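Chains as they are written, first to last, in my numbering: chain X, 3 to 201; chain H, 889 to 1050.
Beta carbons are placed, not taken as given, at the ideal position from N, Cα and C, and that holds for glycine.
In this text, all values refer to a predicted model and were calculated from it rather than measured experimentally.
Below: one structure, written as structure tokens.
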Amino acid sequence: MSTPQAMPLAEALAVIHQHRADAVVITTMGAAREWQTLEPHPKDLVYMPSSMGQGPPLGLGIAIAQPDQRVIVVNGDGCTLMNLGCLVTLAAQAPKNFTLVVVDNGVYEVTGGQATIGHPTKRADSQPLNFADLARAAGFTEVYEFDDVESFRFEHETLHEPGPVCIVLKTTHQTEDVSARSPSPPAERIQVLRTSLKS
Amino acid sequence: MFAPEEFVSTLTELGITHVVWIPDTTLGQWDEALRTAPEIELVQVCREGEAWALAAGLYLGGAKPIVVIQCTGLFESGDSLRNIVHDYRLPIYGLIGYRSFLNAASLPGDTCLKFTEPVLDAWALDTVFLKDESMKPQFAEHYRKCTEQQIPGICLMAEGAA
């Protein structure tokens, strides 16, 4: 059996960072950890500590309140599994300014790489859970999947298409220096974001 | 407790822009009035944990949301509530329907009566408890107080049947 193709998370995030324009970017878990290595932006929310699964509704609220503000939520596959209902909520609200990026590596990376319940080894059919199909079934019409960074880079405009957009990125997972971390007290950081949304 | 139009009128006077909710038997009686309220947007979610986070996003974006859920949803959504109002210290306000408090006939032995108030105490939230109709004005008073002080708050509203 061949190994499925996947891209390094850091490289995938670099594409989002480069092409975010003025978007709010909310990152969770492994993506939040790696996002902190990139140049910060006032419209970043490193959502850590988090309530797993609640990044997308947090971003949805901003998108509803500010329809001209693009919001990109970079969510792990484990986080997405924690709150699959959010796909239905997002599709029902259908904000044109919202992009959900699902970083799919099949494991809970920050806790040491345990397989999620969507991993092929945990599933009766031995096939990986297909998050793109889940998004489509929930009602997303703009759904993209990338398993190599060059393709994602080439199609980076998908980040800003009229939404709601769902982009599934197949990523490899790290095995060293993986723990979740927060750059500073969360209550201070979220006020920076709030202030930036007022201006 | 609140008639539908009365509830919408109260929210409108308070300047609330979005109701983030999941209805139950009692709260659901406000559905049509909320959906047709000209100055309020009704945002329904799939599970109550989403409601606190979504309301937080609305607040960050400049809106004035309120979360409206049943106490069972409060139980489910504890981690999201903790994260939003304690980790991030966002002053989100919620109205919680207290199932079976007025009448437990449809759910004899409903443990909502045992756990709702202790759970609210555990979350250390400024709470007002509307036990009967005469206490209704305390909702708006408490909301205004929490808004002025920029703190999260809860209005616990007695309900009857599930």
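CA-CA distance, H:Asp-1014 to H:Pro-1025, rounds to 17 angstroms.
Taken through DSSP and simplified to helix, strand or coil, H:Leu-978 comes out as coil. For X:Val-180, the three-state secondary structure derived from DSSP is coil. Listed along the chain, the chain X residues whose CB falls inside 9 angstroms of the CB of H:Ala-1012 amount to none; the nearest CB is some 15 angstroms away. CA-to-CA, the gap between X:Arg-155 and X:Ala-182 works out to about 26 angstroms. Interface flag for X:Pro-44 against chain H is unset, since no Cβ pair is found closer than 7 angstroms. Going by beta carbons, X:Gly-61 and X:Ile-28 fall inside the 7 angstroms limit.
Minimum Cα-Cα distance from X:Val-75 among the listed residues X:Leu-40, X:Lys-124, X:Lys-98 and X:Gly-57 corresponds to X:Gly-57.
The alpha-carbon separation between X:Arg-196 and H:Gly-949 amounts to approximately 7 angstroms. Its Cα nearest to that of X:Glu-36, the residue X:Pro-185 stands out among X:Pro-185, X:Leu-199 and X:Glu-152.
If you check the CB distance, X:Pro-6 and X:Thr-174 do not come in under 7 angstroms. With a threshold of 16 other beta carbon atoms within 10 Å, H:Glu-938 meets it and is buried.
Residue state for X:His-175 is assigned as coil, using DSSP reduced to three classes. The C-beta separation of X:Val-151 from X:Cys-168 comes to about 18 angstroms, leaving the pair out of contact by the 8 angstroms criterion. Counting along the chain, no beta strand (DSSP E) covers H:Trp-918, and no H or E run does either. Three or more Cβ pairs closer than 8 angstroms define a contact, and the region 954-963 of chain H meets that threshold against the region 994-1006 of chain H. For H:Thr-999, the closest C-alpha among the options H:Ala-1010, H:Leu-922, H:Arg-987 and H:Leu-1008 is that of H:Arg-987.
Bounds of any beta strand (DSSP E) do not take in H:Pro-911, whose DSSP letter is neither H nor E.
A straight line joining the alpha-carbon of H:Thr-900 with that of H:Ala-941 spans about 22 angstroms.
Sequence-distant partners of X:Pro-164 (beyond 5 residues in either direction) whose C-beta falls short of 8 angstroms from its own C-beta, in its chain, are Lys-98 and Glu-144. Here the alpha carbons of X:Leu-86 and X:Gly-108 stand approximately 15 angstroms from one another.
Taking C-alpha positions only, X:Val-103 is separated from X:Gly-141 by approximately 16 angstroms. Using a 10 angstroms sphere on the CB of X:Asp-79, the tally of other CB atoms reaches 16 or more, which defines it as buried. The beta-carbon of H:Asp-998 is placed no less than 7 angstroms from the nearest beta-carbon of chain X.
Taking the C-beta atoms as reference points, X:Val-105 is found no nearer than 7 angstroms to X:Ala-34. Burial check for X:Thr-91: the Cβ neighbour count within 10 Å reaches 16 or more, so the residue is buried.
H:Phe-1017: member of the beta strand (DSSP E) spanning 1014-1018, first to last residue. Here X:Ser-52 has Thr-30 as same chain residues with Cβ atoms under 6 angstroms from its own Cβ, once five neighbours each way along the sequence are excluded.
DSSP places H:Phe-1003 in the helix class (H, G or I) of the three-state scheme. Interface with chain H (7 angstroms Cβ-Cβ cutoff): X:Val-76 is excluded. Separation of the CB atoms of X:Ala-67 and H:Ala-951 is rounded to 4 angstroms, and the pair is thereby assigned contact status at 8 angstroms. H:Glu-920 and H:Gly-903 have their C-alpha atoms spaced approximately 19 angstroms apart. The beta carbon of X:Asp-70 lies closer than 8 angstroms to those of Asn-99 in the same chain, with the five residues before and after it left out.
Under a 10 Å Cβ-count criterion, X:Pro-42 is classified as exposed, with fewer than 16 other Cβ atoms of the shown protein chains found around its own Cβ. At least one beta carbon of chain H lies nearer than 7 angstroms to the beta carbon of X:Ile-64.
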